[in-house]
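Counting in the numbering used here, the sequence shown runs from 2 upward without gaps. A virtual CB, placed ideally from N, CA and C, is assigned to each residue, including glycine. These notes concern the structure reproduced below.
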Amino acid sequence: MTKKNDTKHAVKHHLHPFSDNGQLKKNGVRMMVKAKGIYVYDSDGTEIIDGMAGLWCVNIGYGRKKLAKIAKKQMEVLPFYNTFFKTSHPAVIKLSEKLIEITPDEFNHVFYTNSGSESIDTMMRMVRHYWASVGQPSKKIIIGRWNGYHGSTIGGASLGGMKSMHQQGDLPIANIVHIEQPWYYGLANDNESEEEFGIRAANWLEEKILSLGADKIAAFVGEPIQGAGGVIIPPASYWPRIEEICRKHNILLVSDEVICGYGRTGKWFGFQTLGFTPDICTTAKGLSSGYLPIGAVLVNDKVTEGLLAGGEFNHGFTYSGHPVAAAVAYENLNILADKNIIEKVYTKTGPYLRKRWQETFSQFKYIADIRTEGLMCGFTLVKNRETREFFEDFGTTGLLCRDIFFKNNLIFRACGDHIVAAPPLIISKKEIDIMLSIAATCMREFEELMD
Ligand code: PLP
Numbered sequence: 002m003t004k005k006n007d008t009k010h011a012v013k014h015h016l017h018p019f020s021d022n023g024q025l026k027k028n029g030v031r032m033m034v035k036a037k038g039i040y041v042y043d044s045d046g047t048e049i050i051d052g053m054a055g056l057w058c059v060n061i062g063y064g065r066k067k068l069a070k071i072a073k074k075q076m077e078v079l080p081f082y083n084t085f086f087k088t089s090h091p092a093v094i095k096l097s098e099k100l101i102e103i104t105p106d107e108f109n110h111v112f113y114t115n116s117g118s119e120s121i122d123t124m125m126r127m128v129r130h131y132w133a134s135v136g137q138p139s140k141k142i143i144i145g146r147w148n149g150y151h152g153s154t155i156g157g158a159s160l161g162g163m164k165s166m167h168q169q170g171d172l173p174i175a176n177i178v179h180i181e182q183p184w185y186y187g188l189a190n191d192n193e194s195e196e197e198f199g200i201r202a203a204n205w206l207e208e209k210i211l212s213l214g215a216d217k218i219a220a221f222v223g224e225p226i227q228g229a230g231g232v233i234i235p236p237a238s239y240w241p242r243i244e245e246i247c248r249k250h251n252i253l254l255v256s257d258e259v260i261c262g263y264g265r266t267g268k269w270f271g272f273q274t275l276g277f278t279p280d281i282c283t284t285a286k287g288l289s290s291g292y293l294p295i296g297a298v299l300v301n302d303k304v305t306e307g308l309l310a311g312g313e314f315n316h317g318f319t320y321s322g323h324p325v326a327a328a329v330a331y332e333n334l335n336i337l338a339d340k341n342i343i344e345k346v347y348t349k350t351g352p353y354l355r356k357r358w359q360e361t362f363s364q365f366k367y368i369a370d371i372r373t374e375g376l377m378c379g380f381t382l383v384k385n386r387e388t389r390e391f392f393e394d395f396g397t398t399g400l401l402c403r404d405i406f407f408k409n410n411l412i413f414r415a416c417g418d419h420i421v422a423a424p425p426l427i428i429s430k431k432e433i434d435i436m437l438s439i440a441a442t443c444m445r446e447f448e449e450l451m452d
C-alpha cells in the first residue's frame, strides 16, 4: 500500500486535471486506496465521508461487487466491438431499451459517448445537424448560461459559462453566447419575490433571442440545477417559462443532466423535478455511477426524425456504446430501480437532508442562501447575509473553508464561495447526521478563523 510520504511521487509524472500542478508537486496529494458505501479510505487508513459522491457520480455508492462481476463476464465474452459499421452487440441493445423505459414516451433514441463533455459536444453537433437537415442551416447559435458547467472539451468549455476556463485558449468558440444564471439570492432586486425573479431570469433568454434573431439560434442548454456553478436551484417559475420561450421561438431545449440525471434530485431526471420537458438530454456520470466511463445523449422523436432525414451524421467515438461500460451501466440502472434508491431520495433522505441541512447551517453568521433539492445541496459564504455582502475575491474564502472540511475527513466542494455537497444516493439518515455533525465542527473552526 502507498504510504503518505509517497504522495509527492504520485505527482512526479501525472499532470492532474483542474489543478495547479506546481503546487501539487510541492505539497503532494492525498492517496485514496479503497472505498465502501459513502466512505473512501486514504493510504493512512483514514476513513473519509465522500460528501460529493466522487465527482457527483457514484450514485449507488462504492463497493458494489455485482458490477465488478458483470464487467468481468462481459470482458470475457466480448470486451470490445464497435457500433460504427452496420454492427451492434447485446449489451448496448439492453442498455438502450432500459434507457427508453425510464425516459418519457417521446424519447426513443440514444447516442453513446464516454463522458459528459463528449455528450455535450455530440449534442452541439447534433442540434446544428438537425437544423441543417430540416432546411434551416442558419440556426447555429447555442445559448448557455454564465457559471453553467458543461465540461472541458473546447465545445463544452465554450458552452459553459466559467470565465476562468474561457480565459485559457480564447474561448468561447464562435456561435456560443451566454445569459445570466437564475440565482435568486445573488441577483434578485430588493422586494422581488422568487416567482417574479424566476420569470425575469427566464425572460433574459427571450431578450437574447430577440436581439440575435430566432432564425440564427439552434438551442438553449441548461443544467436543471447548476451543479459546479454552486448548486444554483432556480425558482419554480423559471424552467416552465424557459420552455415556453423555446417553443414560441422554435428553439431546441436541451437539459444537461450530467449531474441531475439518474436520481440526484429524487426523480430519474432533473427536468422531471424542475417541471419541463426538453428535446435532448445530455447524460453521463450517474449512468454507470462512475464505475466505468460512459455517457448517453437521449433524443426525442422530433429531433430523431430530423436527424434521420439528414442522412449520415458524421460523428462518433471508438468507444460509443462500449460493451463493458454498457453492461455495467445497465446493471447500475437496475440497482437504482430495483432497490428503490431514487424513490428513497424523494420520500425519505431528500426531505431529511433538507431539514437537517437548514438546521445545521442556519446557526452560522457567515452563511447565506441555504438550499437543497434531492441530494444536491449548497450554501454561500458571505460577509454579511442581510446586506448580501460577499467576501473579496470570490472563491478564495470558499477554498479556505473547503480545506477545513477536507482536513476533518469530510469531502465537500467549493464552487467559488458556494460550498456544495452531493453524497451517494444510498446515504442513510444516520449517515446524514454524522456528516452534518462533522460539517458543523468544521464551520465552527471556519468562523473562529474569520472572526
Ligand atoms: N455537464 C455537467 C452538468 C457537468 O457537471 C459535467 C461535469 O462535471 C460535464 C457536463 C462534463 O462531464 P465530464 O467531466 O464527464 O466530461
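- Per DSSP, the unbroken alpha helix (DSSP H) holding D434 starts and ends at K430 to M451.
- When DSSP states are grouped into helix, strand and coil, R201 belongs to the helix group.
- Ranked by how close their Cα comes to the Cα of E208, the residues H250, P236 and I177 have H250 in first place.
- For M377, the beta-bridge partners assigned by DSSP are E374.
- Residues of the same chain with a CB within less than 6 angstroms of the CB of I177, apart from the 5 flanking positions on each side, are I143, S159 and L160 in chain order.
- Taken from the Cβ of K286, at least one heavy atom of the ligand PLP lies inside 7 angstroms.
- Within the DSSP bridge table, the entry for Y113 names A297 as partners.
- Contact between the stretch 353-370 and the stretch 380-387 is established, with three or more Cβ pairs separated by less than 8 angstroms.
- In this chain, Y239 is not harboured by any beta strand (DSSP E); it is covered by the alpha helix (DSSP H) spanning Y239 to K249.
- Taking R357 as the centre and dropping the five residues before and after it, the same chain places the C-beta of I433, D434 and L437 closer than 8 angstroms to its C-beta, in chain order.
- Excluding the 5 residues flanking it on each side, D122 has same chain C-beta neighbours closer than 7 angstroms at T154, G156 and G157, in chain order.
- Shown here, T350 sits in a helix according to DSSP, grouped into three states.
- Contact annotation: the stretch 30-44 does not touch the stretch 257-273, with fewer than three C-beta pairs closer than 8 angstroms.
- Exposed is the label assigned to A175, since fewer than 16 other Cβ atoms lie within 10 Å of its Cβ.
- Given a length threshold of 3 residues, each whole run of the beta strand (DSSP E) inside the stretch 145-201 is given here in chain order: 177-180.
- Within 7 angstroms of the C-beta of G417 there is not a single heavy atom belonging to the ligand PLP.
- With a cut-off of 7 angstroms, the C-beta of S118 is classified as near the ligand PLP, since at least one heavy atom of the ligand falls inside that distance.
- A direct Cα-to-Cα measurement between V93 and H323 gives close to 7 angstroms.
- F198 sits buried, since 16 or more C-beta atoms from the chains shown fall within 10 Å of its C-beta.
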